[in-house]
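When you number the sequence shown by numbering that gives the first Met the number 0, it's gap-free, plus one each residue, and the end is 409.
Cβ atoms here follow ideal geometry from the backbone N, Cα and C, with glycine treated the same way.
In this text, all values refer to a predicted model and were calculated from it rather than measured experimentally.
First the structure, in the form of structure tokens, and then the observations on it.
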Amino acid sequence: MPEPYLVKPDREFVQRVLGEGGEDLKKCFQCATCSVVCELSDGSKPFPRKEMIWAQWGLKDRLAADPDIWLCHQCNDCSTRCPRGARPGDVLSALRQEAVQHYAVPGFLCKWANSLTHLPLMLLIPAVLLVLALVAKTPIWESTGADEGLLHYLHHEGFYAALYPHWLLIGFYSFFWGLAMLAAAAGVLRFWRAMKAADETSGGYAPKLGIVPSTIRVLTSLFRHDRFSKCGSQASRRTAHMGAFYGFAALFIVSVWAVIALYMINPFMPEGKHLHYPFAFSDPLGSPWKILGNLGAIALIAGCIIAIRDRMSAKEGSAASSSFDWLFVWLVLTVGVSGLLTEIMRYVAEPMEGSGIRYLAYGIYFVHLVAVFDLLVYLPFSKFAHIVYRSVALVYAEHTGRTKGTVESE
0 MPEPYLVKPD REFVQRVLGE GGEDLKKCFQ CATCSVVCEL SDGSKPFPRK
50 EMIWAQWGLK DRLAADPDIW LCHQCNDCST RCPRGARPGD VLSALRQEAV
100 QHYAVPGFLC KWANSLTHLP LMLLIPAVLL VLALVAKTPI WESTGADEGL
150 LHYLHHEGFY AALYPHWLLI GFYSFFWGLA MLAAAAGVLR FWRAMKAADE
200 TSGGYAPKLG IVPSTIRVLT SLFRHDRFSK CGSQASRRTA HMGAFYGFAA
250 LFIVSVWAVI ALYMINPFMP EGKHLHYPFA FSDPLGSPWK ILGNLGAIAL
300 IAGCIIAIRD RMSAKEGSAA SSSFDWLFVW LVLTVGVSGL LTEIMRYVAE
350 PMEGSGIRYL AYGIYFVHLV AVFDLLVYLP FSKFAHIVYR SVALVYAEHT
400 GRTKGTVESE
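Here it is as structure tokens:
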């Protein structure tokens, strides 16, 4: 039998939700039209009606432990069909932002990363750290006797490597990316425990499918974007999301291949048989890796432009946007554009050795490195965190039978 639940309304939480895109929350009369029309709400615990009720009551802890807020893709079918104009899709978006802030470790970084007031500081931090690393590169190289050893192994000649050596960037980003992943893991662990505790309290925790098969199902679904395809009123959001998603995936694959080819394969290949480094000037334009990287950059940029266009449009069903959304989409666009410009400037500047244009190329690359830091290292604290929390929520939903497919398969 479920245990009694003591209602503890959080008025400040309600005010934050109202200010983060959920300003129409109070219009909801709990008619459940949203849950009926939502194509994704097909499981044993339909949404978003219950989330609208909990949000009106200010039940922050209950909502933070609710995986269903992450099953929504904000297509806003529910918002366009709501007879009261309560816009449940925008409310759930605000609730996801609150959930990220709730589980972020440390919490203050999440507030900074999504605040326009703190934006200069969040850009300045990686810029200063990168400058300090560049200042320290020569003392580090000389003090370690790097003519041999690990740094020598990681060193690679190249146009940008003259100022930004590979060994320095690998160490720099590996360290801070590792810290970010620890922070993300801490947040995800808290989220999973909260979901499980909430279901146990209500007597609803009953695993239906193992963690591994649940994860495989979720990854397959995410890769195909099949849940997004069920959304009707904002089909262009799926196009934008797929462009950004597959573009980022392509760039990630090429970057990983660059490291593997450069450091794990080429050292063991005979002279003249080395694999092409995808970002090298000498790499032929017809290289499949270079083609994949450039197509990925174009897809990423196109996806961001479509997303910005949709968010700026005033047509019915358009999602409300907060700084949480805008900062992320502009950051991803900056990463894509600066990365493409970095490649172009290399082709322009490298043949013109000694000209001042190389310093422009170095400057653009510096902007790209700062943007990449902001995107990857601030992942647990920005909207990019949804790639982690949504994936975990979907795995939990499959694991516990909340989704229709899991229930029918048993």
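With 16 or more other Cβ atoms from the protein chains shown falling within 10 Å of its own Cβ, T341 counts as buried. In the DSSP annotation of this structure, G202 is not part of any alpha helix (DSSP H), being labelled neither H nor E.
Here G295 is buried: its Cβ has 16 or more other Cβ atoms, across all protein chains shown, within 10 Å. Exposed is the label assigned to F222, since fewer than 16 other Cβ atoms lie within 10 Å of its Cβ. Put simply, the region 203 to 210 touches the region 387 to 402. At least three CB pairs are less than 8 Å apart.
For V366, the enclosing alpha helix (DSSP H) covers residues 356 to 376. If you ignore the 5 residues before and after V366, its C-beta comes within less than 7 Å of the C-beta of S337, all in its own chain and listed in chain order.
Using a 10 angstroms sphere on the CB of T402, the tally of other CB atoms reaches 16 or more, which defines it as buried. For F323, the enclosing alpha helix (DSSP H) starts and ends at 322 to 348. Judged by beta-carbon spacing, A98 lies beyond the 9 Å limit of Y377, meaning their Cβ atoms are not closer than that value. F222: member of the alpha helix (DSSP H) spanning 210 to 223, first to last residue. Shown here, M351 sits in coil according to DSSP, grouped into three states, outside any helix or strand.
Spatial neighbours of A197 in its own chain (CB-CB distance under 8 Å, excluding positions within 5 residues in sequence) are listed in chain order as R61, A64, D65.
In the DSSP assignment, H385 falls within the unbroken alpha helix (DSSP H) covering 385 to 399.
When rounded, the separation of the alpha-carbon atoms in D309 and E352 is 43 Å.
K195 and T238 have their C-alpha atoms some 34 Å from each other.
The distance from the Cβ of C27 to that of A93 is about 13 Å, inconsistent with a contact at the 8 Å cut-off. The shortest CA-to-CA distance from V104 to any of A260, L167, R189, S142 is the one to R189. Sixteen is the threshold: since fewer than 16 other Cβ atoms of the shown chains lie within 10 Å of the Cβ of I356, the residue is exposed.
In the three-state scheme derived from DSSP, where H, G and I count as helix and E and B as strand, S286 is classed as coil. Contact check between the region 41 to 50 and the region 171 to 187: fewer than three CB pairs, one atom from each, fall below 8 Å, which does not count as touching. When DSSP states are grouped into helix, strand and coil, Y163 belongs to the coil group.
Counting the other CB atoms within 10 Å of its CB gives A298 a total of 16 or more, which places it among the buried residues. For F247, the secondary structure class from DSSP, reduced to helix, strand or coil, is helix. When DSSP states are grouped into helix, strand and coil, V90 belongs to the helix group. Between the C-alpha atoms of S142 and L123 there is a straight-line separation of about 28 Å.
Counted as a single uninterrupted DSSP element, the alpha helix (DSSP H) harbouring W140 occupies residues 118 to 142. Secondary structure of G157 (DSSP, three-state): coil.
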